[in-house]
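Numbering (full-length UniProt numbering), first residue to last: 1 to 264.
Structure, rendered in structure tokens:
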């Protein structure tokens, strides 16, 4: 599931990825509704096979379909970072709007909150703890914590690092903490750059899909400096930012649309 789709697939403002690696199957985020399940069915994916669910952070556009996932899969646990259950708000439209988890999901006994790095399965590491402050979108300034005053620090954000057959894939949700900072944290964990990076880069300006050209160019320069890394991005990156990054990264950058199948 992503903001744009291939023919025959549903799209919405959200992200959902089905991951098969190291003999395991994982649902990473669920978009904002149950539509991801329809896309999965079209691709022949049986969501009952999921060993686990992962929630990248506590926003509705990544968690809204989890109720449907729980209906289809009665056993898999959902792993989130500590703080994902907290209320989260946005002033992106000039009006206070709730953007957190549903009450049902916040209270679910199947939701496990993690306090630190966590080996989900062999070769699959969930991590947060991203504290670098460079190249973070100013769009975060309208995203607020549960008191509706404090800017969200996104301590509840996590990413997934997968190692399989000698290759590393980094999965990010929205990269609110900055995709460069997340990549640096992954590099600190593994000792090298990821071969593939997949996810949203949080470069779109909320409500407009416009871009901050200076930020996008700086991010593009850093992404290009990673030797050989291939990028797949969509959702909160925004189409204008994607097109500008494409000028810098060329065939190392690819769109991420609903219905895409990636063989890493």
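For glycine and all other residues, C-beta sits at the position ideal for the given N, C-alpha and C.
The beta carbon of residue 240 sits closer than 6 Å to the beta carbons of 211 from its chain, once the five residues preceding and following it are set aside; these are given in chain order. Spanning the alpha carbons of residue 113 and residue 82 requires a straight line of approximately 5 Å. The beta carbon of residue 101 is closer than 6 Å to those of 58, 63 in its chain, skipping five residues each way along the sequence.
Considering only 28, 133, 163, the residue with the shortest C-alpha distance to residue 200 is 28. Inter-residue distance for residue 243 and residue 74 is about 41 Å (C-alpha atoms, whole angstroms). Classified as buried, residue 197 has 16 or more neighbouring CB atoms from the shown chains inside 10 Å of its CB. Residue 47 is positioned such that its CB atom lies closer than 9 Å to that of residue 69.
Proximity of the region 136 to 149 to the region 104 to 120 falls short of the contact definition, fewer than three beta-carbon pairs being nearer than 8 Å. In the structure shown, residue 54 adopts extended strand secondary structure according to DSSP, grouped into three states.
Taken in chain order, the complete alpha helix (DSSP H) segments of 4 or more residues contained in the region 66 to 138 are 66 to 72, 103 to 106. Under the rule that a run must span 3 or more residues, the beta strand (DSSP E) segments found entirely inside the region 234 to 260 read 253 to 255.
Going by C-alpha positions, residue 9 is about 8 Å away from residue 42.
Under the three-state reduction of DSSP output, residue 194 falls in the coil class, being neither helix nor strand. The three-state reading of DSSP puts residue 9 in coil, since its state is none of H, G, I, E or B.
For residue 21, the uninterrupted beta strand (DSSP E) segment begins and ends at 17 to 21.
Annotation: residue 89 to residue 205 spans about 16 Å, alpha carbon to alpha carbon. Per DSSP, residue 154 lies in no beta strand (DSSP E) and is assigned neither H nor E. Between residue 190 and residue 227, the C-beta gap is not smaller than 9 Å, which leaves the two residues out of contact.
In this structure residue 131 is exposed. Its beta-carbon is surrounded by fewer than 16 other beta-carbon atoms within 10 angstroms. Rounded to whole angstroms, residue 128 and residue 44 show a C-alpha spacing of 32 Å. For a cut-off of 8 Å, the C-beta gap from residue 126 to residue 78 is around 12 Å, too long to register as a contact.
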